[in-house]
Amino acid sequence: MTNTASDTKTARRPSQFRLVMTRLLRKKSVLICGTLLLLSVLCALVPGLVAPQDPYDQSLLLRLKPPSFMEGGREGYFLGTDHLGRDILSRIIYGARITLLVSLLAVAVSSAMGIAAGVVAGYYGGRTDAVILRLIDMQLSFPVILLVIAVVAVVGPSLTNLIIIMGLSGWPRMARIVRGAVLSVRGLEYVDAARAIGAGSMRIMAYHIMPNILSAIVVYASFELARMILLEATLSFLGLGVQPPTPTWGGMISDGRNYISLSPWVSLFPGLAIGIVILTFNILGDELRDALDPQLNHE
Amino acid sequence: MLRYTVRRIILTIPVILGILVISFMLTRLSGDPTDLILPPDAPDSAREAFRRVNGLDQPLISQFFTFAINIFRGDFGNSLRFHEPALSLVMERMGATLELAIAAMTIAILVGIPTGVVAAYMRNTPVDISVRGVSLLGQAMPSFYLGILSIIIFAVWLRWFPSGGRGTWLHLVLPATTLSFQLVALIARVTRSCMLDVLGQDYIRTARAKGLSERRVVWLHALRNAFIPVLTVIGLQVGFLLGGVIVTETVFSWPGVGRLAVQAIYARDFPVVQTVVFLFAMIFVIVNLIVDLLYAAIDPRIGYR
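These protein sequence lines map, in sequence, to chains Z and G. One point on numbering: in the numbering used here, the residue at position 71 of the first sequence is 57, and numbering is uninterrupted. One point on numbering: in the numbering used here, the residue at position 117 of the second sequence is 128, and numbering is uninterrupted.
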C-alpha cells in the first residue's frame, strides 16, 4: 500500500512553477541578472548595511574627489564624491530605494487599473469593450512624458503624486495586453464549464480567467517596470521627481551636469546604475516569456 | 477607402475632445488656477479681480467652452513670464524643434533600416548578435544619459562638436544622434523581424531561382515588402520624438519648444505649458491619422475590415 503511494508521488507531474524555474535557472543570463536584481533589492531594503558612508554627509574638503581607483581618489569613496562632497556609491545605494519603490508601486497602480479594465473589456465585449478601447486609444494618443511632466508640475512632485501619476500613465498598455489575453481564453471550454455549473461573472473572471492570463501579465509587468524606472529617472533628471536632498539616480545625473568636463564620474555612475537595472528587467522579462512559452519563436 | 477615411476622421473627434479636456483640466488639477498664477501673498482683492477678468467665477462647464472656443481661435492666453501670446512664443521655437526632430528621424531611418536588413540577412552571426546587443542597450539607456555621455566624449574629450546651443550643422549632430538612438534601435529591430518573415516567403525563393543577384533580391524584392510595417512603426514614433525633444533639448540647451516647456514648468507659466501640451497632442493625433490613412492606401485590405 505504501509502495503505491510513493509511486504516485514520483509519477506526479512537476508544477508549472517548478518547470518554469528549472528552465529559467538553466540560463547563464538569468543567473547574472537575478543576482544583480537581488543586489539592487538588497540595496533598496537595507541601504544602511550596504552603503559605506552616510549619503547625506557633506564635506567641502571632499568636493568632487575622483573614484578611489583613480589618481587623486580618496580611500573609502570608491566611486568618488559629488559637488557637495557626498559619497556617490552610498547615494547610488540609497537611490535604489526611491527608484525601485516608486517604479514598483507605479507598476502596481497601472497593473491594477489595466487588469481591471482589460478583463472587463475582454470578458463582456460589445459596448463595454468599445468604450474601454476608445479610452485606451485616447490616452495613448498623448506623448506620455509631456503629460506626466505637466501634471507633476501642477500637483507637485510628492512621492504619492509621482506613484499615482506614473501609474495612471501606464494602464492603457496593460489593459490592451490583458484584454487580448482574456479574448484568447474567454471562449475556452473550461470557462463554459464554470458557467454551466452556475459560477457568476465575478467568480469566472477572478478564479478561472485570471490564473490563466497571469503569465502574460507577469511578463508585461517586468517590461513595464523597466519603463517606469526610465520615467522616474527622467522626471528626477528634470527636477520633477522626489526632491533633494533625497538621492535619486536621475537627480544625481542632473547634479553632475555642471561638472561634466572636470568630474564626469558624478553623472557617469548613477547612469550606469539605471542602465544596468533596466537591462536586468528587460532581459529577465525576455527570458521569462521564453520560459513560459518555450514553443514560441520570439524573433 | 472613402468610408474608411471618413470613419477614421470621425474617430479622432473624441480624441481631440479628450485633449481639450485634459489641457483644460491641467490648470484646474490643483484646485483654483488663481493659486497657480498669482503669487501666494497676493491680496484677496487682486485674486477677486483676476477671477473676474479670466472668467474663473463662471461655472466650470462654461469656463471649458470659453477655453475651447478661444483655442480654436488660436488664443491660448498670454505667457505669464514674457507677457506675449503663448502661441506665438511656441511657434517661434517650433522651427528649431522640427529641425531637431527631422534630423533625428532621418538618422534613424538611414541607419536603422540598413542595419535591420543586414542583421536579418546575416542572422545569428556576430553582426546580428551585436546589432541586437546594441539595440537592447539602446532601450536601457535613458536618452538624457546618452546625451551627457556624448557631451563628455565628443564635446569635452575629443572636442569634435559643441556641447550645446544652436547654430551650424555641427551643433545639430550630438542632439540629433542622441534623440535618434532609441529610434535606430527600434527601427532596426522591427526591420530585422519583418525581413526575417519576408525572406522565408515563396516569392523570394522564386526571385532567387530565376537568377537575380542576391543584392537585388534582398534590397529590392524583400525590403519593399518588409517596408509597410516598418513605415507604420516610424509613423507611430512621432509621439516618442515629441516626448524625446523635451529631454534632449534640455540636455543640449537647444532653443526649441521642449526646452521652452520645461522652463515654463519651472516658472509655473501655465498658459505656455497648456499650449505645448495641446499642440504636441494634436500633432501626434494628426500624424497618427495620416499614417493610418497611408497604411490603408498602401494595403487595401485594411479599408475593408
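C-beta atoms are modelled at their ideal positions from N, C-alpha and C, and glycine is treated no differently. Everything numeric in this text was worked out from a predicted model, so none of it was measured.
One or two residues paired with residue i in a DSSP bridge
i	result
Pro96 (chain G)	G:Asn89
Thr67 (chain Z)	Z:Asp73
Between the CA atoms of residue j and residue i - distance to the nearest angstrom
i	j	result
His284 (chain Z)	Trp171 (chain G)	Because His284 (chain Z) sits at a pLDDT of 45, beneath the cut-off of 50, its placement in the model cannot be relied upon, and the following sentence gives the value as read from the coordinates. In a straight line, the C-alpha of His284 (chain Z) is about 40 Å away from that of Trp171 (chain G).
Ala182 (chain Z)	Gly173 (chain Z)	13 Å
Val64 (chain G)	Phe76 (chain G)	16 Å
Arg316 (chain G)	Leu300 (chain G)	Any answer about Arg316 (chain G) is weak, because its pLDDT of 47 lies below 50 and its placement is not dependable; what the coordinates show is given next. Approximately 17 Å, taken between the alpha carbons.
Gln193 (chain G)	Phe263 (chain G)	17 Å
Thr179 (chain G)	Leu190 (chain G)	18 Å
Val128 (chain G)	Leu126 (chain Z)	29 Å
Leu121 (chain G)	Ser146 (chain G)	15 Å
Phe87 (chain G)	Pro54 (chain G)	26 Å
Ala139 (chain Z)	Leu216 (chain Z)	18 Å
Arg213 (chain Z)	Gln39 (chain Z)	30 Å
Ala125 (chain G)	Ala218 (chain G)	The displayed chain sequence assigns Pro, not Ala, to residue 125 (chain G). Roughly 20 Å separates the two Cα atoms.
Ala14 (chain Z)	Leu5 (chain Z)	Ala is not the amino acid found at residue 14 (chain Z); the sequence shown has Lys there. Those two C-alpha atoms are separated by around 17 Å.
Phe142 (chain G)	Ile264 (chain Z)	Per the sequence shown, residue 142 (chain G) should be read as Val rather than Phe. Computed Cα separation, rounded: 18 Å.
Phe35 (chain G)	Val258 (chain G)	24 Å
Ile260 (chain Z)	Val296 (chain G)	32 Å
Thr85 (chain Z)	Arg84 (chain G)	43 Å
Ile20 (chain G)	Asp303 (chain G)	10 Å
Ser187 (chain Z)	Leu37 (chain G)	37 Å
Arg92 (chain G)	Ile159 (chain G)	29 Å
Leu31 (chain Z)	Tyr63 (chain Z)	22 Å
Ile122 (chain Z)	Glu57 (chain Z)	54 Å
Interface flag, residue i vs chain Z, CB-CB below 9 Å
i	result
Ala112 (chain G)	no
Arg279 (chain G)	yes
Thr16 (chain G)	no
Ser174 (chain G)	yes
Val142 (chain G)	no
Val228 (chain G)	no
Val128 (chain G)	no
Phe291 (chain G)	yes
Leu185 (chain G)	no
Ile21 (chain G)	no
Ile215 (chain G)	no
Leu197 (chain G)	no
Proximal residues of chain Z, C-beta to C-beta of residue i below 8 Å
i	result
Leu253 (chain G)	Pro129 and Leu132
Pro25 (chain G)	Arg120 and Met124
Asn299 (chain G)	Ser127
Leu37 (chain G)	Ala136, Val137 and Val140
Val296 (chain G)	Ser127
Beta carbon proximity, residue i to chain G, threshold 9 Å
i	result
Thr146 (chain Z)	no
Gly58 (chain Z)	no
Gln125 (chain Z)	yes
Thr67 (chain Z)	no
Ser208 (chain Z)	no
Arg162 (chain Z)	no
Gly212 (chain Z)	According to the sequence displayed, residue 212 (chain Z) carries Ala and not Gly. Interface residue, yes.
Glu285 (chain Z)	Caution applies to Glu285 (chain Z), whose pLDDT of 42 falls short of 50 and renders its modelled position unreliable; the model cannot decide the point.
Gly153 (chain Z)	no
Leu265 (chain Z)	yes
Ser96 (chain Z)	no
Arg165 (chain Z)	no
Ser247 (chain Z)	yes
Gly156 (chain Z)	no
Gly257 (chain Z)	yes
Gly343 (chain Z)	A question about residue 343 (chain Z) goes unanswered here, because the residues of chain Z that appear run from -13 up to 285.
Chain-ordered neighbours of residue i on chain Z, where CB pairs are closer than 7 Å
i	result
Gln150 (chain G)	Asn268
Gly29 (chain G)	Met124
Val273 (chain G)	Leu224
Gly250 (chain G)	Pro129
Closer than 9 Å at the beta carbon, the chain G residues around residue i
i	result
Gly261 (chain Z)	Leu148, Ala151, Met152, Pro153 and Tyr156
Ser253 (chain Z)	Tyr156, Ile159, Leu160 and Ile163
Ile239 (chain Z)	Pro153, Phe155, Tyr156 and Ile159
Within chain Z, partners of residue i - CB distance below 9 Å
i	result
Val258 (chain G)	Ile131, Thr220, Phe223 and Leu224
Asn65 (chain G)	The premise fails here: Asn65 (chain G) is roughly 17 Å from chain Z at the closest Cβ pair, so nothing lies under 9 Å.
Thr261 (chain G)	Phe223 and Leu224
Chain G residues whose Cβ lies nearer than 8 Å to that of residue i
i	result
Pro41 (chain Z)	Within chain G, no residue comes near Pro41 (chain Z); the closest Cβ sits about 20 Å away, beyond 8 Å.
Ile250 (chain Z)	Contrary to the premise, residue 250 (chain Z) reads as Pro rather than Ile in this sequence. The answer, in chain order, is Ile163 and Val167.
Leu216 (chain Z)	Pro153
Chain G contact residues for residue i, given Cβ-Cβ distances below 7 Å
i	result
Arg243 (chain Z)	Ile159
| field | Touching by the beta-carbon criterion (3+ pairs, under 8 Å), the stretch 17 to 27 of chain G and the stretch 268 to 284 of chain G | value | no
| query | Any chance the stretch 85 to 104 of chain Z sits against the stretch 151 to 158 of chain Z, with 3 or more Cβ pairs inside 8 Å? | reply | yes
| task | Kindly confirm or deny that the stretch 70 to 81 of chain Z and the stretch 39 to 49 of chain Z touch, where touching means at least three C-beta pairs closer than 8 Å. | result | yes
| Using 8 Å as the Cβ pair cut-off and three pairs as the minimum, do the stretch 191 to 211 of chain Z and the stretch 130 to 138 of chain G touch? | no
| query | With contact counted as at least three CB pairs below 8 Å, one residue from each stretch, are the stretch 242 to 254 of chain Z and the stretch 149 to 166 of chain G in contact? | reply | yes
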